[in-house]
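Heads up: the structure comes next, in structure tokens.
Chains as they are written, first to last, in my numbering: chain A, 936 to 1533; chain B, 936 to 1533.
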């Protein structure tokens, strides 16, 4: 059975040495984020992940959720107890404002917690994950009265949350939405329609479920400009704010899925359910999109999380499994065979995953810090710059980390040979679970299109220009340092590939938007290589500084960091040239064939 | 639910126009292979695949096989009837010698049949597939008496076959094998030990199961030089050659797996089972390896087969699913939305899979023709050249087509968005089933090592030099043809990358074998790009010639072939540069870290 060890040392290195979050103690909430405090949080979160949630991962997969004839759903055995422990320990409240019961801590710390939970049990992590997303949306868009009524109970975990967007005939294209909302005399609405793939839509973990529902108010315009956002609690609240009368939505059935079986993926039928409008009418989609930056970051972290736990188990297996002999000569003559970690091709797999994971973790932490700045800085320019960066990097994080994270689980599975294909071994679950992250919260093709079609041209390309300047400045600052040559030369090359691709898009995407579409996925992955390469540059600089400081306790960790970064530069970042070559071939060939001929 | 249409037109184009197998009518069995005959075979095989086997694919996945307390196993509902129909139609006998009840037809035709069956129902295809593999081993290595006793009933499907290699502690490293064989006075052996992952090890489809078992004769040398091959039938034969007394092996349990649930993957316990030695003692592994070339080709075809059926279903969905509008302007104003096939990124996915599939199919057919020549030519040089090529290309076919075939099923699943993650839709089964092909018959890392460590240096590099000469000659012959420039320039570039990589291996792999190991997987994939690129070159030439001949009926097919080939050259083959760059970084970084640090 798989095991899991939270990568605490790496997280602390990122927060303390790379991001140096102590420097941001002018931001509210950061003053408490001392190294000791951060370490204590990481260790406590790691403990619940490792000891409580990970052992339930296979249980959730094998048992799944159960739908009952009365339309109730029970989560897998043990989930309720784990959920209560998780909630009571305050993990659901960590990064939220104190005025609604949150702890006000930085998102940059919360992202570590998110990773541990999602590594240990991705299906479980979605229950509190959806609640956090819904709470964040309410904090951003709801009235003060609505916030006070719902948010504190959601942060405490007593109530959970969902997001209801998809309908059978519309997923990506929400403009086709049919669920309708009819205004009532008392200011509420009656919501009717069917929503599908509603994660955590019905279950027995919490006392109430706060559904956020997109619907079209009767008479609203067609398309995306006629969609509004509503709160529709499973139980309507009584005068004291406690769950009371059952509202008019039920779970019609559970989806049977490839993975994340421990999470209830519901078909939700709304029949004149009472809903409360959030924000302005017809502005619902915009409200949802603001929330999505952080939700997409969280999904990117799921990709990293599955990649990390798959890596750890593959590394353990590679150290233990005796099979064959090293091709460069027997390494363990006293054993019947060498452990397979002596084989370069096994190390190639492990190093590929590791170099990706550590880069992706840095990018997720870095971006979370930008999110903190965008929410908490008192400098408008700083807030704006952080928002620009977040908008730009969000599709990259979601698309690239989940694509490659999935690939990594497949590679990790390969280390196990036939054993990895068996259910008993358990690593195949990581592959099945990781697969969904490429699809939900906007399929990765949509992320790529969001990047090239919306984020790049936004405000005259302000965000991407600022980003190129930042990475370029980093390269320039270290270009004469011989000790950095192994890192800076490949990063500079990749940056110039990305700049060439961007220029190509500017020149060819306007004249024919299909050129931008044809380039989008390759462009997103090329961007990802540069973004991870930049993170590796920062990590290497921080590691070298710390090594120079003579920190003996972390010497081995830091030297491995340098090696892993070198591997990234040797083996991963060179793919940028292929992406550029593909992008520059344009759309003509792929668009030429008749649809019927496919 | 998924559907399947056998790609008959493509197969006939390959056999008649690209390979021009009519030119080989000097080979035994080829005289019957007229275009009409080939078309009739393809259509009949396509029919059973489409109408009988494909509808059972989801049944097999959901129901799986059932192990009973008396150690018997039943296959999923409908498999027995389908198996009888398949066998009675003679599909199991197609390429085998007539003297043992075969039909003597070319392997190059059989490979088309194999693809259809494996696309329709991979788990089912393994029952007759294992039988064919076992029969081929017997024809090559068994005594005439053994052949007469077993092979005809295996080809007719009355009896089925298995291969018993793996044990719990040894998969790749068969030298550690513990199953023992004790010689008896009557010349037979008593076999005892445990074998695992035995596909089709026990089931209710056939009247007898002929197990081929590797075991160590008491007193034989340690390691791979002490392993012998045995026939151990489930039922021993009576004096008339009919199944009689139950032999001493039982199925202890079935593995629970990620996929291919319709095939019984058995733990087989041998307790003094009667076995008959095949060939010479201690030469068992060599006998198995001879058989493996064709078995590995068949597994490569499974990768293609899953990629093809996934492609077809993704293309159908992309044509039908209305969602959003084309970014270059609405294409279907009379509909609520455009079908998603208008989007370049969807076409990028479909064209990527298609360009791979058609190239892989050509390579599988081409290699099968070489196998035919190696078996049937009366020219020793021709036979030898064909064997050289087969040895070289087999790990490429197995490794590359199953790796990319799997990736393609994942990409095809992505086209479906959330629907593709549900069991009901069915495309996720292709991903789970395709996954095993990367693992069994030698994990793909072993294929890569076989290529660089054994096949490349074999006989002073004779095979690879001949291959480079052949592809180089093709490039030279067309390099001045302007109409071929889009194809020849990228192929030549990729060939020169492969040659540079080979030179690097020669120079660096001898001094440190870990450099070869570190390069192996990238080298295999680089080789695959050249091999597929060469096939595309041949297909394009054949298509242009046929177009010039004014064949109106196939004009659209041929023009799509040119487009698809162009896409291959624009988007797939350029990856060769990245593989070369990775190879040339060597093994130092990946070997530097302590095993404990992973």
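The C-beta atom is built at its ideal place from N, Cα and C for all residues, glycine as well.
### Task
Please name the residue or residues paired with residue 1490(B) in a DSSP beta bridge.
Residue pairing for residue 1490(B): DSSP places it in no beta bridge.
Does residue 1435(B) come within less than 8 angstroms of chain A when only Cβ atoms are used?
Judged by the 8 angstroms Cβ criterion, residue 1435(B) is not in contact with chain A.
Around the Cβ of residue 1087(A), are there at least 16 other Cβ atoms within 10 angstroms (buried) or fewer (exposed)? Answer is buried; the Cβ neighbour count reaches 16.
>> With a threshold of 8 angstroms between beta carbons, is residue 1352(A) in contact with chain B?
In response: Chain B has a Cβ within less than 8 angstroms of the Cβ of residue 1352(A).
- How many angstroms separate the CA atom of residue 1448(A) from the CA atom of residue 1398(A)? 20 angstroms
### Task
Starting from the C-beta of residue 1057(A), find all residues in its chain whose C-beta is less than 7 angstroms away, skip the five residues before and the five after it, and write them out in chain order.
1195, 1237, 1240, 1241 and 1368
- Can you have a look at residue 1120(A) and say buried or exposed, based on whether 16 or more other CB atoms are within 10 angstroms of its CB? exposed
Margin query: What does the Cβ neighbour count give for residue 1323(B), buried or exposed, with the cut at 16 atoms within 10 Å?
Written below: buried
Rounded straight-line distance, which links the Cα of residue 1170(B) to that of residue 1180(B): 5 angstroms
query = On the three-state DSSP scale, how would you describe residue 1523(B)?
reply = helix
| task | Name, going along the chain, the residues of the segment 1418-1445 of chain B whose beta-carbon falls closer than 9 angstroms to a beta-carbon of chain A. | result | Nothing from the segment 1418-1445 of chain B brings a Cβ to less than 9 angstroms from some Cβ of chain A.
Interface partners of residue 1456(B) on chain A, CB under 9 angstroms: At a beta-carbon threshold of 9 angstroms, the residues of chain A lying near residue 1456(B) are 1280, 1283 and 1284, ordered along the chain.
### Task
Find the residues of chain A that neighbour residue 895(B), judging by a C-beta separation of less than 7 angstroms, and give them in chain order.
Chain B is shown only over 936 to 1533; residue 895(B) falls outside these bounds and no answer can be derived.
message: Tell me which residues share the same chain as residue 1111(A) and place their Cβ nearer than 7 angstroms to its Cβ, disregarding the 5 neighbours each side in the sequence.
response: Cβ within range, chain order: 1104 and 1105.
So, for residue 1173(B): in the same chain, excluding its five sequence neighbours on each side, which residues have a beta-carbon less than 7 angstroms away from its beta-carbon? Excluding positions up to five away in sequence, the list reads 1179.
Legend entry - Beta-carbon proximity check, residue 1330(B) vs residue 1382(B), cutoff 8 angstroms: Judged by beta-carbon spacing, residue 1382(B) lies within the 8 angstroms limit of residue 1330(B), meaning their Cβ atoms are closer than that value.
(message) Counting only Cβ-Cβ distances shorter than 9 angstroms, please list the residues of the segment 1085-1110 of chain B near chain A, keeping chain order.
(response) Listed by position along the chain: 1101, 1104, 1105, 1106, 1107, 1108 and 1110.
**Prompt:** the segment 1376-1393 of chain A: which residues have C-beta closer than 8 angstroms to a C-beta of chain B, in chain order?
**Reply:** 1378, 1379, 1380, 1383, 1384 and 1388
Worksheet item: At least one CB of chain A closer than 8 angstroms to the CB of residue 1520(B): is that the case?
Response: yes
* To do: On a CA-only basis, which of 1498(B), 1168(B) and 1433(B) is nearest residue 1084(B)? Give me that one, please.
  => The option with the nearest alpha carbon to residue 1084(B) is 1168(B).
6 angstroms CB neighbourhood of residue 1333(B) in its chain, flanking five on each side removed = 1231, 1234, 1235 and 1382
Proximity test, Cβ basis, 8 angstroms: residue 1495(B) and chain A:
yes
Quick one: residues in its chain with C-beta nearer than 7 angstroms to the C-beta of residue 1325(B), no 5 flanking neighbours on either side, listed in chain order? 1228, 1302, 1305, 1306 and 1309
Per DSSP, the bridge partner or partners of residue 1252(B):
Answer is none; residue 1252(B) lacks a bridge partner.
Quiz item: Hey, how far is the Cα of residue 1498(A) from the Cα of residue 1102(B)?
Solution: 37 angstroms
Verify the CB distance criterion: does residue 1240(B) have a CB-CB separation below 8 angstroms to chain A?
-> Closer than 8 angstroms to the CB of residue 1240(B) there is not a single CB belonging to chain A.
Element boundaries [beta strand (DSSP E), containing residue 1209(B)]:
That run of the beta strand (DSSP E) goes 1200-1213.
Three-state secondary structure (DSSP) at residue 1128(B)?
strand
Q) Terminal residues of the continuous alpha helix (DSSP H) containing residue 1074(A)? A) DSSP places residue 1074(A) in the uninterrupted alpha helix (DSSP H) bounded by 1057-1076.
**Asked** Which residues mark the beginning and the end of the alpha helix (DSSP H) in which residue 1161(B) is found?
**Response** No alpha helix (DSSP H) contains residue 1161(B), which DSSP labels as neither H nor E.
When DSSP labels each residue in this structure, what does residue 1180(B) get in the three-state scheme?
-> strand
Could one say the Cβ of residue 1270(A) lies closer than 8 angstroms to chain B's Cβ atoms, at least one of them? no
- Query: Is the segment 997-1012 of chain B close to the segment 1371-1386 of chain B, with three or more CB pairs under 8 angstroms?
  - Reply: no
Check: Are residue 1525(A) and residue 1502(B) touching if we call contact CB-CB under 8 angstroms?
Finding: Result yes, Cβ atoms of residue 1525(A) and residue 1502(B) sit closer than 8 angstroms.
Next item on the list: Using three-state DSSP, classify residue 1425(A) as helix, strand or coil.
Entry: helix
Is there a Cβ from chain B that is less than 8 angstroms from the Cβ of residue 1211(A)? no
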